[in-house]
């Protein structure tokens, strides 16, 4: 009888790459199981890894384009911050930046970190619409008065059908001292930030298209965070650094960059505030890099350290700028490179 089922389906090359990369990531995570145990605790590590890998399995672009080491590091960053990388809760996403996968916190992730910092009583971010009752006061006693219009409310005899167009967005926190810190941005200000996004400039789909509400809330939070005492909020500082790294990698900052000295202070605050478990995790990862041989840069650093005469000239031409994160990394790119620095482990910094 003829075979009515036809020939077996041909598996696409892209799918093969995705499956192979996911398998490599799973193996890489298992090799670092002790690190994740230190970060998450025995009772949480299994669920966290399952959630992260499930989210990653549906993110084919990250698996196709990004290095395995950068994907594992992005998952580790999410674990270190205690933020879900699935995007479903709005806490954060794993996004591709060329060949580098990066964990990017969302606005709900920032709020969670602020509330868990021990320095903040209350933290919130909201969108304001034209029909909302809204007033912002700055000065020595900052305040926000915001009463949203609810469905079915009337103004005189007229039914207010909806809240109207966007008016802007704000973020605010109350410190333990009772001081309020407020950041308000008009819709025009938000659209200026959106217009500077490299993805928008290039005509590619960006979070401003898929999740405009998330981005409008996150943008004033990013500005507000720079005004907080980050030396006592290491996880909030790290989230801010991750966002800055994404801006640098894309090539154009999505908002006005803070002075270099403040950026270094932010990085230093994170480095000084890291827990012992995180430092041990970094040391373990550093020890594993050589045996895994994951990048040419790592091999170059190893040769230079051993004094390989064939690589001596090339090693001397490396930038060797020290990482600001206290992880012992230095830049392995050639001197005079025109972009951000890059460590042997694939990490980047401005």
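Numbering (the numbering used here), first residue to last: 77 to 426.
Where is the CB? At the ideal position from N, CA and C, for every residue including glycine.
Closest by C-alpha distance to residue 146, out of 118, 320, 306, 176, is 176. Using a 10 angstroms sphere on the CB of residue 178, the tally of other CB atoms reaches 16 or more, which defines it as buried.
DSSP places residue 119 within a helical segment (H, G or I) once states are collapsed to three. Taking a cut-off of 8 angstroms for Cβ pairs, the segment 267-282 and the segment 217-226 do not touch, as fewer than three such pairs fall below it. Partner residues in the beta bridge of residue 180, as assigned by DSSP, are 169. In this structure residue 160 is in contact with residue 127, their Cβ atoms being roughly 7 angstroms apart against a cut-off of 8 angstroms. For residue 260, DSSP records a beta bridge to 246. Around the C-beta of residue 209, fewer than 16 other C-beta atoms lie within 10 Å, and the residue is accordingly described as exposed. In the displayed model, residue 200 falls within a strand according to three-state DSSP. Close CB contacts of residue 184 within its chain, under the 7 angstroms cut and outside five residues either way in sequence, are with 165, 166, 167 (chain order).
Considering only 265, 305, 321, 312, the residue with the shortest C-alpha distance to residue 291 is 265. The closest CA to that of residue 298, considering only 275, 170, 260, is found on 260. In this structure, the beta-carbon distance from residue 240 to residue 206 falls below 8 angstroms. A distance below 6 angstroms between beta-carbons, with the five flanking residues on each side excluded, links residue 242 to the following residues of its chain, in chain order: 263. DSSP links residue 221 through a beta bridge to 211. For a cut-off of 8 angstroms, the C-beta gap from residue 309 to residue 202 is around 22 angstroms, too long to register as a contact.
Ranked by Cα distance from residue 248, the first of 270, 212, 101 is 212. Nearest in C-alpha terms to residue 134, of all of 169, 152, 109, is 169. Residue 172 holds the alpha-carbon nearest to the alpha-carbon of residue 140 among 270, 257, 172. The shortest C-alpha to C-alpha distance from residue 215 to any of 125, 109, 257 is the one to 257.
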